[in-house]
Amino acid sequence: MKKINIGVPQIIIIVYLFILTISLSFIDIPMIEMINTSLIKWAMNGVLVLSLVPMINIGVGRNFGLPIGICAGLIGMCIAVELRLEGWSGFLVAIFMGTVVALIFGGIYSIILNKLKGNEEIVGTFAGFSFIPIMNTFWTLAPFKNRQMLYPVGGQGLRPKISLNQYFGGVLDNALKINIGKLVIPVGLLLFFAILCLIVHLFFKTKIGTVMSAIAENEAFVKLSGVNINRYRTYAIIFSTILAAIGICVYAQSYGFVELYNGPFMMAFPAVSAILIGGATRKKATIFHALVGAYLYQTTFLLSVPVANALLIPEMSEVIRMIVTNSIILYAFLYEGVLKKSEQV
3 MKKINIGVPQ IIIIVYLFIL TISLSFIDIP MIEMINTSLI KWAMNGVLVL
53 SLVPMINIGV GRNFGLPIGI CAGLIGMCIA VELRLEGWSG FLVAIFMGTV
103 VALIFGGIYS IILNKLKGNE EIVGTFAGFS FIPIMNTFWT LAPFKNRQML
153 YPVGGQGLRP KISLNQYFGG VLDNALKINI GKLVIPVGLL LFFAILCLIV
203 HLFFKTKIGT VMSAIAENEA FVKLSGVNIN RYRTYAIIFS TILAAIGICV
253 YAQSYGFVEL YNGPFMMAFP AVSAILIGGA TRKKATIFHA LVGAYLYQTT
303 FLLSVPVANA LLIPEMSEVI RMIVTNSIIL YAFLYEGVLK KSEQV
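Just add 2 to the spot in the sequence shown (first one is 1) and you have our numbering.
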């Protein structure tokens, strides 16, 4: 039987979540509404958290360059909206085109990370931040013609937010929806999330996936076996980038908008915090870590908003979100630093 390690981030979040749950009874907010929303929040953000698993498991570290994959998915959705595709056809075309762009972006991203081994997380952070201004220029100059995507004055450049309501907004959320009393289960959304989890699970059962996990455990030994380390690192980085592109499509259809320009700027940090809450380390992450972390993280901040509005001030919910997010990441870095020093001693 495997031992389940519970660290400081997990304890803090569980205690904080327990306090928030108790607080709901004092501000007359039905728990069933929170459960309904938490299921949607879990799946719509969960794919982005899941996208971190391949890169962590090959030893590249947490993917702070997540905005690169997100931008690929945004391009895919913009193409689907440009073609005025609705429903499932629009959503599937957005995923397909986002995947194609993610292959290119992921390939370039892998070249950068393979050239700068040992500093992947720092390089990934700056790569993600640097990529946003490049994409901002693209959103301004891209030759899209659909007037609903463009600025109303001048007709040049995409709007910061593009509505998906008449295209493929809510296509997963509303598919196979089940109502049990007041409980609403978005079966289509959860099923799509489950399928992606299964794909990642099966991928790591293949020869390529097995080698990736071995590289994270002992790169020197695998290299002596004649394995091309950079090739497998490239596979993992591209796979993560593709999952991130799909993840933003899932997120956007639930959100109801495509958010461009600086929208993806800070999206890596909540995803990284979520998988750390789930119990992942720098070189080991499982689907279970992604599932548990995404639910705990998203539910915590879902409950924070009404409690902060009722007991404190509305702005406090976002302040709490940033404090918890960055504190968890800081804890992970400090904890790893202590481990490395103890191993050297």
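Ideal Cβ positions, reconstructed from N, Cα and C, are used throughout, including at glycine.
Counting the other Cβ atoms within 10 Å of the Cβ of K43 gives 16 or more, which makes it buried. Fully enclosed alpha helix (DSSP H) runs of no fewer than 4 residues occupy 221-226, 231-257 and 270-279 of the region 220-280, in order along the chain. Fewer than three beta-carbon pairs drawn from the region 178-194 and the region 87-101 are found closer than 8 Å, and the two stretches are therefore not classed as touching. For the 8 Å CB-CB criterion, A129 and I106 do not form a contact.
Taking E35 as the centre and dropping the five residues before and after it, the same chain places no C-beta closer than 7 Å to its C-beta.
Separation of F267 and A74 (C-alpha to C-alpha, rounded to the nearest whole angstrom) is 14 Å. When secondary structure is reduced to three states using DSSP, V186 falls in the strand class. Put simply, the backbone Cα of L85 is about 40 Å away from that of G61.
When DSSP states are grouped into helix, strand and coil, S329 belongs to the helix group. Residue burial is scored here from C-beta neighbours: V321 has fewer than 16 other C-beta atoms within 10 angstroms and is therefore classed as exposed.
Nearest C-alpha to D175 among L192, G78 and R161: L192. Restricted to the region 22-80, the alpha helix (DSSP H) segments that are unbroken, complete and at least 4 residues in length are 33-52 and 55-59, listed in chain order. At the C-beta level, I330 and L262 stay beyond 8 Å of one another. Checking the DSSP bridge columns, you'll see N181 partnered with V186.
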